[in-house]
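Participant: My questions will all concern the structure given below.
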Amino acid sequence: MTDTFQLDGEDVSFAPGQSVLQAALAAGRYIPHLCYHPEFKPHGSCKVCTVKANGGFGNRYAASCTLPAQAGLNVESETEEMNELRRTLVQMLFAEGNHFCPSCEKSGNCTLQALGSDLGVMTAGFRHFYPDRPVDASHPEFLLDFNRCILCELCVRASCEVDNKCVFALSGRGLDKHLIVNAASGKLADTDVALGDKAVDVCPVGVILKKRVGFAVPIGQRRYDQRPISAQALDDAPRQAAVGGCAACEGTS
Amino acid sequence: MTHELQSILARHHDDPTRLLQVLREVQEALSWISPESIDYVADQLNLPRARVEGVAGFYSFLHTNAACRYRLLFSDNITDRMLGNQALLAALCEKLWVERGHLSEDGLVSIDTTSCTGLCDQGPALLVNGWAIPRLDAARLDQIAELILAQTPVAQWPGELFAVEDNIRRADILLGHELQPGDALRAALSRGGAIEAAANARSWREGIPTAEQGALTTLEEIKKSNLRGRGGAGFTTGLKWEACRNARGPLRYVVCNADEGEPGTFKDRVLLTAQADLVFEGMTVCAYAIGASAGKTKGFLYLRGEYRHLLDPLNEVLARRRAANLLGKGILGQAGFDFDIEIHLGAGAYVCGEESALIESLEGKRGIPRNRPPYPVTHGYLQRPTTVNNVETFCAAALVSAQGGDWYRSIGTTKSAGTKVLSVSGDCARPGIYEYPFGVTVRQVLEDCGAANTLAVQISGPSGVCIAVDEFDRRIAFEDLATAGAFMVFDASRDMFEVARNFAHFFAHESCGFCTPCRVGTAMLRTTMDKIAEGHGTLYDLAEIEKLDRVLNQSAHCGLGHTACNPTLDTLKRFRPSYERRLKSQDFEPAFDLDGALAAARRMTGRDDAGAHLSTEDA
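Chains A and B supply the protein sequences, listed in that same order.
Its first residue numbered 1, the first sequence is counted upward by one per residue in our numbering.
Its first residue numbered 1, the second sequence is counted upward by one per residue in our numbering.
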């Protein structure tokens, strides 16, 4: 017998060890998410995938990427309450960094932009922080534009777990938390990052950009220009259950 | 430099879980953590350089920008402000010719603020290179300025500058106990034989060796006592210990959370000064109860960096207990009962008071709260079963072990057994430490501490609750006003908006930044409160605060985010006029002052007549 939980009133079956989000995606059900990536252990920092779960412990809100699936759980996701929360979280990310979509090379391929568009985010809604985040163009192959960093740690996880290089890490805390690279100079050119690294391919926004290929695909013909992210997120499903841990990234040990 | 780094690393056996301790000692030795020392430490510990840099960048007391001979950090809790810390800070900056937050050009001194240093009963306070100086006034600042200008090493500053008082005003069963070191442990060990008759009657206990019986019976006494955690959350201690005992694994850890960071709380500082033996005894009783006799167990005391001055005295107590066979191998002659305690020092991060963040920090990482489940009782330090309890909880557990669960349960209220140690500060004649049986009213505490004309009391610090006059008959108890111990008193002369604004700054400063809602939301709350303070606030901003609260409660990763808006909402509910009188407009307000923006144009054209101004008919 397969165990199931309820997602917005419908049964979703799950395998042992799966989180609610993993089981939902595997079952072809979309829950908006941002810092989750099927190839890495979920760490639950962006909170966009938050759902309301009712179980033996009463009502509670939890990030579905790290909420273990349990038989009998009743999960609410596609509700106005949850989508309003997600809109606000996306707005917070837009207000925190410096995001100028029309001039961004990642426009149309950007997860944050696609998510905002799909959720109906029309403005940042909050006063912008306008942080001062100088770009790092030192490396011959890559440009780092920290202005767009949403601190999802995907590059951190990819570099440590897949590339075994730990090129990226986090420093600071609170609003001052920021991405750093593994070099005394603080410059990407002095790290061992290379073309072909997983870390340079996973950035969901426009921080890690390959040089000399900008705008090769014209805006209008890019991934999320074709179909909304909610329709595309399931293309990779069923997604594999996460395995292993990441000693370098936060909250996952 | 290399020689110093070598000896620090050797002391820590090149162990990467000691990274924070290593960096803290590098900071003490070199007055900063230079890029070269990060390289060296990373190399020796075999860690990625960026990981070491990331840890150094997380903790407030680790500095990576430049060397500085004297780092002065003024405690900036609201109680310090009420005692005039801002004027003192400004005066010292002037005396030493430095700008707040900037290193002096000669690299001699820097002056800034830090979160509450736990000296609220004897503030204003500051830390100089991590060492606490209480009771600041003009005379003491003159003395400090002279010592700095004469470049006297901090170790040679007069000891009386660093004298910290206990200020115990009311003692009950905990602060007034007459136990000798070892009494509570002997009581626990003696239970091994005492229950044999009972054990015979219950077949499932047959065959359990005597040491195990003692441990099980001690655990039963803890459960019987109905002792609940004193750190704020109030989880039942007996259940936590039992879950840890039942968890699989050959190694177990006992961790004492002495990262007392909640502004307004300082009872753990006093307990660690006046009752250090009882704290360690409680930890040892815990080790025994959760299975030290069946395997290897190790203890940590995680001491907040602000209490650096307690490190050496506490280590002396540990040495004395080892000599008395109350720690170490075969404790009190019980074969196999091996347990020892090591002290780790924090480095300025409130979030490390959250138990899973504390464990991350103990492992030498950035203090980020973990995802739960799994919980520390099964997957704690190094993913092994770990019991984390507050300092006061361990003290109470030692009392229970010595005098029994029934005795303890008879004190306090039905749902809140025992006593609570309160840290009383703010507007009262006798600030200090007050221990009461649970159930005491706020009014009683106010009377005892000599508070007059009281407007409000902040119970359990910023993450607790702010109550007004009509609620002073409420009781300190888990079923009414649960508290970690802070009790800050505000009289009618105080502006509760400024109290809430101070707390909003605190949360934004202390957010670890892991999750979006807390990282961005606490910063937004801070800017919104500042906007209101500057006279640009509107009703829209008040609504925005409520929205932030909703988002933080729904989605923040840990309690810091969940509670960050509490002080603002509490004071908004009870003292709304102190907000409203600051609002620029009661109904709407553009965030942009159009007429003000035309000022430059008026200056350029040399005009200031009515026609050069926008209509101000609604003003």
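Idealized CB from N, CA, C, for every residue including glycine.
Within 7 Å (strictly less), CB to CB, does residue 371 of chain B reach chain A?
Facilitator: Judged by the 7 Å Cβ criterion, residue 371 of chain B is in contact with chain A.
Participant: Which one of A/159, A/114, A/91 has the shortest CA to CA distance from residue 220 of chain A?
Facilitator: A/114
Participant: Using a beta-carbon distance below 7 Å, is residue 58 of chain B in contact with chain A?
Facilitator: yes
Participant: Who pairs with residue 488 of chain B in a beta bridge, going by DSSP?
Facilitator: B/425, B/458
Participant: Between A/118, A/98, A/140, which has its C-alpha nearest residue 132 of chain A's C-alpha?
Facilitator: A/98
Participant: Mapping DSSP to helix, strand and coil, what is residue 376 of chain B?
Facilitator: Of the three classes helix, strand and coil, the one that applies to residue 376 of chain B here is helix, per DSSP.
Participant: Going along the chain, which residues of its own chain have a beta-carbon closer than 6 Å to the beta-carbon of residue 507 of chain B, five neighbours each way excluded?
Facilitator: 522, 564
Participant: For residue 114 of chain B and chain A, any beta-carbon pair shorter than 7 Å?
Facilitator: Not one chain A Cβ lies under 7 Å of residue 114 of chain B.
Participant: Does residue 523 of chain B get closer than 7 Å to chain A when you measure Cβ to Cβ?
Facilitator: With a threshold of 7 Å between beta carbons, residue 523 of chain B makes contact with chain A.
Participant: Does the pairing of the region 199-209 of chain A with the region 60-73 of chain B give three or more beta-carbon distances under 8 Å?
Facilitator: no
Participant: Could you name the residues of the same chain whose beta carbon sits closer than 6 Å to that of residue 268 of chain B, not counting the 5 residues immediately before and after it, in chain order?
Facilitator: 258, 260, 391
Participant: Establish whether the CB of residue 15 of chain A and some CB of chain B are separated by less than 7 Å.
Facilitator: no
Participant: From the beta carbon of residue 204 of chain B, is the nearest beta carbon of chain A less than 7 Å away?
Facilitator: Residue placement at residue 204 of chain B is poorly supported in this model, since its pLDDT is 46, which falls under 50; the coordinates still yield a value, given next. No - not a single Cβ of chain A is within 7 Å of the one on residue 204 of chain B.
Participant: Label residue 607 of chain B either buried or exposed according to how many other C-beta atoms from any shown protein chain fall within 10 Å of its C-beta, with 16 as the threshold for buried.
Facilitator: exposed
Participant: Determine the direct distance from the alpha carbon of residue 216 of chain B to that of residue 62 of chain A, and round the result to whole angstroms.
Facilitator: 36 Å
Participant: Can you tell me which of B/146, B/74, B/219, B/154 puts its alpha carbon nearest to the alpha carbon of residue 620 of chain B?
Facilitator: A question about residue 620 of chain B goes unanswered here, because the residues of chain B that appear run from 1 up to 619.
Participant: Does residue 434 of chain B pass the burial test, meaning 16 or more other C-beta atoms within 10 Å, or should it be called exposed?
Facilitator: buried
Participant: To which residues of the same chain is residue 572 of chain B closer than 8 Å at the C-beta, ignoring the five residues directly before and after it?
Facilitator: 500, 542, 545, 579
Participant: Going along the region 178-192 of chain A in order, which residues come within less than 8 Å of chain B, judged by CB to CB distance?
Facilitator: 180, 181, 182, 183, 184
Participant: Using only the alpha-carbon positions, how far apart do residue 336 of chain B and residue 212 of chain B sit?
Facilitator: 11 Å
Participant: Quick one: Cα of residue 395 of chain B to Cα of residue 420 of chain B, how far?
Facilitator: 11 Å
Participant: Measuring only the C-alpha atoms, how far is residue 74 of chain A from residue 503 of chain B?
Facilitator: 37 Å
Participant: Using a cut-off of 8 Å between C-beta atoms, extract the partners of residue 245 of chain B located in chain A.
Facilitator: By Cβ distance, chain A contributes nothing, its closest Cβ being about 23 Å from residue 245 of chain B, past 8 Å.
Participant: Among the candidates A/44, A/109, A/21, A/30, whose CA atom is the shortest distance from the CA of residue 69 of chain A?
Facilitator: A/21
Participant: Going along chain A, which residues have a C-beta under 7 Å from residue 554 of chain B?
Facilitator: 50, 61, 85
Participant: Give me the Cα-Cα distance between residue 116 of chain A and residue 466 of chain B, rounded to the nearest whole angstrom.
Facilitator: When rounded, the distance between both Cα atoms is 37 Å.
Participant: Under a CB-based cut-off of 7 Å, is residue 78 of chain A close to chain B?
Facilitator: no
Participant: Suppose the cutoff is 7 Å on Cβ atoms and the five residues either side in sequence are ignored; what does the same chain contact list for residue 408 of chain B look like?
Facilitator: 225, 227, 399, 400, 417, 418
Participant: How many angstroms separate the CA atom of residue 386 of chain B from the CA atom of residue 13 of chain B?
Facilitator: 23 Å
Participant: If you drop the 5 nearest sequence neighbours on each side, which residues of the same chain put their C-beta closer than 6 Å to that of residue 80 of chain B?
Facilitator: Here the set comprises 123, 124.
Participant: Please list the partners that residue 92 of chain A has in chain B, where partner means a Cβ-to-Cβ separation under 9 Å.
Facilitator: 516, 517, 519, 520, 521, 524, 551
Participant: Could you name the residues of chain B that residue 161 of chain A contacts, counting a contact when the two beta carbons are closer than 8 Å?
Facilitator: Near residue 161 of chain A there are no residues of chain B at all, since even the closest Cβ is about 13 Å away, more than 8 Å.
Participant: According to DSSP, simplified to helix, strand and coil, what is residue 50 of chain B?
Facilitator: helix
Participant: Could you give the DSSP three-state label for residue 182 of chain A: helix, strand or coil?
Facilitator: coil
Participant: Are the beta-carbon atoms belonging to residue 108 of chain A and residue 201 of chain A less than 7 Å from one another?
Facilitator: no
Participant: If we define contact as Cβ-Cβ less than 7 Å, is residue 546 of chain B a contact residue for chain A?
Facilitator: no
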